[in-house]
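In my numbering, the protein residues as written are 446 to 641.
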């Protein structure tokens with residue numbers, strides 16, 4: 446298999462078959478918390494995607510060319526969190542500068558990207574699985590696309606559910622969790638389509 450085709454298949458695998466939210470269950474807090482308005486969900490998905498991809502690109506060389514040769518690879522989690530926190534600050538300042546209303550709409554969930562387990566999970570998985578740079582990048586891009594896809598789909602479904610005749614006991618978060626579980630079943634049905 447040629448490298449480019451393998452790279453594309455890896456991205457598809459990480460975005461759909463091994464979806465970060467619905468299959469690996471990372472990043473659930475922002476998925477549920479922001480996933481009720483399409484614009485907020487799309488912006489949160491884009492912000493998380495940006496942080497995941499940059500964290501992947503930055504953390505790979507730090508781990509492989511600084512921490513491992515120095516014999517301090519056990520500092521990986523602390524280092525990754527510091528890198529992620531810096532990236533989140535940059536994203537937050539950018540959003541605050543160019544869209545103050547969106548910055549207010551994202552609220553507490555924007556700084557929580559720092560502790561979003563989807564971001565930390567990707568860079569940790571890359572090092573734990575000893576992926577090469579190309580596979581790490583495919584994991585980062587695929588995870589980002591998968592997160593963005595699921596949070597926007599989830600928000601679109603929740604917007605439609607607001608106008609639906611939902612039983613009182615299921616309104617709000619309960620019906621959101623039912624929808625999330627049905628989405629997870631659908632995404633898990635894709636597993637095994639691509640083997641790497």
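Just so it is clear, CB atoms sit at the ideal spot from N, CA and C, and this is done for glycine as well. Note that this is a predicted model, so its numbers are computed, not measured.
What are the complete alpha helix (DSSP H) segments, minimum 4 residues, inside the region 509–535?
none
Any heavy atom of the ligand ZN closer than 7 Å to the Cβ of residue 635?
The model on display carries no ligand, and the ligand ZN is accordingly not part of it.
With C-beta atoms as the reference, is residue 493 less than 8 Å away from residue 558?
yes
8 Å contact criterion, which residue 587 and residue 456 should meet: CB distance rounded
4 Å
Status (buried if at least 16 other CB within 10 Å, exposed otherwise) for residue 572
buried
How about the region 486–500 and the region 595–614: do they share at least three Cβ pairs that are nearer than 8 Å?
yes
Quick one: Cα of residue 628 to Cα of residue 467, how far?
7 Å
Report yes or no: do the region 529–544 and the region 555–570 share at least 3 C-beta pairs separated by less than 8 Å?
yes
Excluding the 5 residues flanking residue 611 on each side, which residues of the same chain have their C-beta closer than 7 Å to its C-beta?
620
Which residues bound the alpha helix (DSSP H) around residue 451?
448–457
Pull up the CB-CB distance for residue 585 and residue 501, whole angstroms please, since I reckon it's below 8 Å.
3 Å
When you compare each of 485, 631, 606 to residue 549 by their alpha carbons, which one comes out closest?
485
Among 464, 512, 583, 506, which residue has its Cα nearest to the Cα of residue 563?
464
I need the DSSP call for residue 621, collapsed to helix, strand or coil.
helix
Cβ-based burial, residue 630 [other Cβ within 10 Å; buried from 16]
exposed
If we call anything under 8 Å between Cβ atoms a contact, is residue 578 one with residue 461?
no
Of the residues 581, 590, 483, the one placed nearest residue 604, counting alpha carbons only:
483
Are the beta-carbon atoms of residue 526 and residue 555 separated by less than 8 Å?
no
Between the C-alpha atoms of residue 517 and residue 504, what's the straight-line distance to the nearest angstrom?
14 Å
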